[in-house]
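Enquirer: Below you will find the structure I want to go over with you.
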Amino acid sequence: MSEIPFHVPYLTGDEDAYIAQVMAKGRFGGNGDFTKRAQRILEGDSGRRVLLTTSCTAALELAAMALDCGPGDEVIVPSYTFVSTASAFLRTGAKIVFAEVDRNTLMVGVEQLARCLTPATKAVVVVHYAGVIADVAGISNWCAAEGLTLVEDAAQAYGSSVDDVVAGTTGAFGTLSFHETKNIHCGLGGALYLTADRFDRVENMWERGTNRAKMFRGLVDKYSWVEPGSSFYPTELQAAFLTAQLEGAAENLRVRAALTAAYDERLADLEAQQRLTQQPREASLSWNHHAIVCVFPSFDVTERVRLGLKAADIHAYIGYVPLHSSPMGARLGYAADDLPVTEDVARRVLRLPLHHAMTVDDVHRVCDHIAALTEAS
Ligand SMILES: *Cc1c(COP(=O)(O)O)cnc(C)c1O
Numbered sequence: 044m045s046e047i048p049f050h051v052p053y054l055t056g057d058e059d060a061y062i063a064q065v066m067a068k069g070r071f072g073g074n075g076d077f078t079k080r081a082q083r084i085l086e087g088d089s090g091r092r093v094l095l096t097t098s099c100t101a102a103l104e105l106a107a108m109a110l111d112c113g114p115g116d117e118v119i120v121p122s123y124t125f126v127s128t129a130s131a132f133l134r135t136g137a138k139i140v141f142a143e144v145d146r147n148t149l150m151v152g153v154e155q156l157a158r159c160l161t162p163a164t165k166a167v168v169v170v171h172y173a174g175v176i177a178d179v180a181g182i183s184n185w186c187a188a189e190g191l192t193l194v195e196d197a198a199q200a201y202g203s204s205v206d207d208v209v210a211g212t213t214g215a216f217g218t219l220s221f222h223e224t225k226n227i228h229c230g231l232g233g234a235l236y237l238t239a240d241r242f243d244r245v246e247n248m249w250e251r252g253t254n255r256a257k258m259f260r261g262l263v264d265k266y267s268w269v270e271p272g273s274s275f276y277p278t279e280l281q282a283a284f285l286t287a288q289l290e291g292a293a294e295n296l297r298v299r300a301a302l303t304a305a306y307d308e309r310l311a312d313l314e315a316q317q318r319l320t321q322q323p324r325e326a327s328l329s330w331n332h333h334a335i336v337c338v339f340p341s342f343d344v345t346e347r348v349r350l351g352l353k354a355a356d357i358h359a360y361i362g363y364v365p366l367h368s369s370p371m372g373a374r375l376g377y378a379a380d381d382l383p384v385t386e387d388v389a390r391r392v393l394r395l396p397l398h399h400a401m402t403v404d405d406v407h408r409v410c411d412h413i414a415a416l417t418e419a420s
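To convert, take the position in the sequence shown, counting from 1, and add 43; that gives this note's numbering.
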């Protein structure tokens, strides 16, 4: 039996031709034709202004800079997430306050956030885990009532929406990742969604703190240093690759949808027998099929399944190691049992292989093994 890798980076076949156009033109440095083209596609999809970035991490750092976060501010983030969700705000000098997740959705809700609120809270970062969208409507209302800014880490959620509201476009800022492990990618890349009223200032930060982009648009004669900033945007080579991927995203989604439908059918049986649970998905969710996340009844069963699959050359990955119980979390003063729900569920998560190079037969093979490995439990 052949190997089933956890992930295979997507390729549309158009990347080479677009990169060749950049080579022929001889302009590589970024914020050129392909950057603008990719931004226009993302703006058309979302109704927000968009700035391409070198990564989702960079987009989160740009959001933190735009919020003027710093010492004395507190930012609430889930502990169950990737490090960048927290580190982008930590490095400004702000204090990170880790929130629990809901044990079913594996995401934060108003209840978990409200427990972390203090007079110093400035912003809240939510994560749309596996492309499933958190309760952004409820959280956004709560943030407005408390005077907080909402940032959405939509790294995994490009292509997801609820009632036509695109993931990452409810809060003041939303961030996307185009790392090769995401549905579509440009090796390393990202983007920031932002509201039109914030665009001028944040664009300057994105342009190393200068108003150079305004000079190109003829709005100023020469450019100057006007804000704090950094070098946030990718090269035209990456933007060309990404443009091909954005144009091929619908095909990628079609393949993933067929695979997740096959998974759903098989995993529903195992759920009915209480051998595992999946993240609930609301009927209103138009999902990007980013990841199949299973939660098993115990850590022992999770490890048995993971190692059993590995022995069959099928590669499943664990979930996040909670940030509050990481070495850095300990330095920030947290102990593992501070967030018991996160600590418990994180040990029982397994993510199953899902990518365009898989077949429905592969899905059945994965599920046959999981059924056999969970039989005695
Ligand atoms: C992938 C990911 C990131 C980091 O994205 P990069 O583009 O690699 O910086 C951040 N947050 C979440 C939730 C992610 O899944």
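For every residue, glycine included, the Cβ atom is placed at its ideal position computed from N, Cα and C.
For the pair the stretch 139-157 and the stretch 117-129, tell me if three or more CB-CB distances fall below 8 Å.
Expert: yes
Enquirer: May I have the straight-line CA-CA distance separating ASP312 from LYS165, to the nearest angstrom?
Expert: Indexing the sequence shown from 1 puts residue 312 at position 269. Indexing the sequence shown from 1 puts residue 165 at position 122. Cα to Cα, the separation comes out at about 44 Å.
Enquirer: Note down, one range per segment and in chain order, each beta strand (DSSP E) of at least 3 residues found wholly within the stretch 372-410.
Expert: 392-395
Enquirer: Tell me THR253's beta-bridge partners as DSSP assigns them.
Expert: Position 210 of the sequence shown, counted from the start, is the residue given in the question as residue 253. Paired residue(s): TRP268.
Enquirer: Does at least one heavy atom of ligand 1 sit under 6 Å from the Cβ of CYS99?
Expert: In the sequence shown, the residue the question calls residue 99 occupies position 56. Under cutoff, so the answer is yes.
Enquirer: Using a Cβ-Cβ cut-off of 7 Å (strictly less than) and excluding sequence neighbours within five positions of ASN295, which residues of its own chain qualify?
Expert: Counting from 1 along the sequence shown, the entry for residue 295 is found at position 252. Answer for ASN295: TYR53, ASN226, ILE227 and HIS399, listed in chain order.
Enquirer: Is HIS222 near ligand 1 - that is, is its Cβ less than 6 Å away from at least one heavy atom of it?
Expert: If you number the sequence shown from 1, residue 222 lands on position 179. True, at least one ligand heavy atom lies under 6 Å from that Cβ.
Enquirer: State yes or no: is the C-beta of HIS50 within less than 7 Å of the C-beta of THR213?
Expert: In the sequence shown, the residue the question calls residue 50 occupies position 7. In the sequence shown, the residue the question calls residue 213 occupies position 170. No, these two residues do not count as a Cβ contact at 7 Å.
Enquirer: Terminal residues of the continuous alpha helix (DSSP H) containing SER127?
Expert: Counting from one through the sequence shown, the residue named residue 127 turns up at place 84. Counting along the chain, the unbroken alpha helix (DSSP H) around SER127 starts and ends at 126-133.
Enquirer: Please determine whether the Cβ atom of PHE125 lies at a distance below 6 Å from any heavy atom of ligand 1.
Expert: Indexing the sequence shown from 1 puts residue 125 at position 82. Yes, the beta carbon of PHE125 sits closer than 6 Å to at least one heavy atom of ligand 1.
Enquirer: Short of 6 Å in beta carbon distance, which residues of its chain neighbour ASP411, apart from the five on each side in sequence? Order them along the chain.
Expert: Position 368 of the sequence shown, counted from the start, is the residue given in the question as residue 411. Result list for ASP411: empty, nothing under 6 Å.
Enquirer: Within 6 Å: the Cβ of ALA198 and any heavy atom of ligand 1?
Expert: As a working mapping, residue 198 is identified with position 155 in the sequence shown. Yes; taking the cut-off as 6 Å, the Cβ of ALA198 has a heavy atom of ligand 1 nearer than that.
Enquirer: GLU346 bridges to which residues according to DSSP?
Expert: The residue labelled residue 346 in the question sits at position 303 within the sequence shown. Per DSSP, none; premise fails for GLU346.
Enquirer: What's the C-alpha gap between MET44 and ARG408?
Expert: Indexing the sequence shown from 1 puts residue 44 at position 1. Indexing the sequence shown from 1 puts residue 408 at position 365. The straight-line gap from Cα to Cα measures roughly 10 Å.
Enquirer: Quick check: what's the CA-CA separation for ARG374 versus VAL151?
Expert: Position 331 of the sequence shown holds residue 374. Position 108 of the sequence shown holds residue 151. Approximately 23 Å, taken between the alpha carbons.
Enquirer: Which of helix, strand or coil does DSSP assign to ARG324?
Expert: Mapped onto the sequence shown, residue 324 falls at position 281. The DSSP-derived three-state label of ARG324 is coil.
Enquirer: Taking the beta carbon of GLU246 as the centre, do at least 16 other beta carbons fall within 10 Å, making it buried, or is it exposed?
Expert: Residue 246 sits at position 203 when you count from the first residue of the sequence shown. With 16 or more other Cβ atoms inside 10 Å of its own Cβ, GLU246 counts as buried.
Enquirer: How big is the Cα-Cα spacing for GLY115 and THR161?
Expert: What you label residue 115 is simply residue 72 of the sequence shown in a count that begins at 1. What you label residue 161 is simply residue 118 of the sequence shown in a count that begins at 1. Each residue's alpha carbon lies about 11 Å from the other.
Enquirer: Cutting at 6 Å between CB atoms, please list the residues of its own chain near LEU352, excluding the five before and the five after it.
Expert: Reading the sequence shown from its first residue, position 309 is the one you call residue 352. Excluding residues within five positions, the ones whose Cβ falls inside 6 Å are ALA359 and HIS412.
Enquirer: Going by the C-beta, is THR320 closer than 6 Å to any heavy atom of ligand 1?
Expert: Numbered from 1 along the sequence shown, position 277 holds the residue referred to as residue 320. No, the Cβ of THR320 stays beyond 6 Å of every heavy atom of ligand 1.
Enquirer: Consult DSSP for VAL208 and reduce its assignment to one of helix, strand or coil.
Expert: For the purposes of this step, residue 208 is taken as the residue at position 165 of the sequence shown. Note: VAL208 maps to strand in three-state DSSP.
Enquirer: Straight-line CA distance for ASP404 to ALA300?
Expert: Here residue 404 corresponds to residue number 361 of the sequence shown, with the count starting at 1. Here residue 300 corresponds to residue number 257 of the sequence shown, with the count starting at 1. Straight-line Cα distance between these residues: approximately 15 Å.
Enquirer: Which whole-angstrom value is the C-beta distance of GLY217 and GLU195, which I expect to be below 8 Å?
Expert: Within the sequence shown, numbered from 1, the residue matching residue 217 stands at position 174. Within the sequence shown, numbered from 1, the residue matching residue 195 stands at position 152. Yes, GLY217 and GLU195 are in contact; Cβ-Cβ is about 4 Å, under 8 Å.
Enquirer: Going by C-alpha distance, which of ALA210, VAL209 and ALA215 is nearest VAL167?
Expert: By 1-based counting over the sequence shown, the position of residue 167 is 124. Among ALA210, VAL209 and ALA215, the Cα nearest to that of VAL167 is on ALA215.
Enquirer: What did DSSP end up calling GLY217 once you bin it into helix, strand or coil?
Expert: What you label residue 217 is simply residue 174 of the sequence shown in a count that begins at 1. The answer is strand: DSSP assigns GLY217 an E or B state.
Enquirer: Roughly how far, in whole angstroms, is the beta-carbon of SER89 from the beta-carbon of TYR236, given that I think they are within contact range, below 8 Å?
Expert: One-based indexing of the sequence shown puts residue 89 at position 46. One-based indexing of the sequence shown puts residue 236 at position 193. Going by Cβ atoms, the distance from SER89 to TYR236 rounds to 6 Å, so yes, they are a contact pair.
Enquirer: Is THR417 helix, strand or coil by DSSP?
Expert: Translated into the one-based positions of the sequence shown, residue 417 becomes position 374. Three-state DSSP puts THR417 in coil, outside helix and strand.
Enquirer: At the 7 Å Cβ level, is THR385 part of the contact set with chain D, yes or no?
Expert: The structure shown contains no chain D, having only a single protein chain.
Enquirer: Please identify the residue among ASP178, VAL348, GLU117 and PRO271 whose C-alpha is closest to the C-alpha of VAL208.
Expert: As a position in the sequence shown, residue 208 is number 165, starting the count at 1. It is ASP178 whose Cα lies nearest to the Cα of VAL208.
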